[in-house]
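Novice: Residue numbers 215 to 379, in the numbering used here, belong to the letters of the sequence shown in order.
Glycine included, every Cβ here is placed at the ideal spot set by N, Cα and C.
Bear in mind the structure is a predicted one, so any value in this text is a computation, not a measurement.
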Amino acid sequence: VFGIHAGWIIMLVLVIIMTILLRYTKLGYQIDVIGESETTAKYAGMNTVKILVIAVLISGGLCGMAGFMQSSAVEKSITDSMSAGLGFTAVITAWLAKLKPPVIVVASFMFSILLQSGSSLQVMKIPSSITEIMQGVIIFFVLACEFFINYKISFRKHTAVKEAE
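#1: If I'm right that valine 227 touches proline 315 with Cβ under 8 Å, what's the distance once you round it to whole angstroms?
#2: Compute the Euclidean distance between the alpha carbons of lysine 256 and glutamate 360, then round it to the nearest angstrom.
#3: Got a sec, what are the start and stop residues for the alpha helix (DSSP H) glycine 275 sits in?
#4: Taking isoleucine 169 as the reference, give the member of Gly275, Lys240, Met283 with the closest Cα.
#5: Classify leucine 228 as helix, strand or coil using the three-state DSSP reduction.
#6: Distance check for glycine 242 and serine 401, CA to CA, integer angstroms please.
#7: Taking the Cβ atom as the reference point for each residue, do threonine 262 and glutamate 250 lie within a distance shorter than 8 Å?
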């Protein structure tokens, strides 16, 4: 469809469904509460084990579907080096997007541009590993910004204490 494989359309539909599920349903609220504080969820009477199992099944199903789309539509074969560390990139992308499905789409698009530029850089005799360095730099600066937004650094003047003679 439009020159791209159907996996894109399926994943965009799933992003919309997950946004609705996480934002507007009881299950989404429960997952959010458990994510913030499992103890609070237990005190509120939520069956945390059941909700965690459901969340893990949904997450695993979506990851499996993404892997299936990658192997069947893009690679057209299954190899052991097919993912090449994309799981770690996915976790970083989701974290940078604050776990919001529509923002994850945008963040993953930006990271995919960064990753795919590695092969173009090799043509100019620049190592493709520079893209991984760029990922690290982006994460470092985002973490630094988060730190300075959430914490206040204050400097105290230390007064010299005279020793008793």
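Specialist: Reading off the structure:
#1: For the purposes of this step, residue 227 is identified with residue 13 of the sequence shown, where counting begins at 1. For the purposes of this step, residue 315 is identified with residue 101 of the sequence shown, where counting begins at 1. Contact flag wrong, Cβ pair sits at about 11 Å.
#2: In the sequence shown, the residue the question calls residue 256 occupies position 42. In the sequence shown, the residue the question calls residue 360 occupies position 146. Those two C-alpha atoms are separated by around 29 Å.
#3: Numbered from 1 along the sequence shown, position 61 holds the residue referred to as residue 275. Element bounds for glycine 275: 262 to 283.
#4: Nothing about residue 169 can be read from this structure; the chain reaches only from 215 to 379.
#5: Taking the first residue of the sequence shown as 1, we reach residue 228 at position 14. Note: leucine 228 maps to helix in three-state DSSP.
#6: There is no way to answer for residue 401, as the model of the chain reaches only from 215 to 379.
#7: Sequence index remark: in the sequence shown, residue 262 carries index 48 (1-based). Sequence index remark: in the sequence shown, residue 250 carries index 36 (1-based). No.
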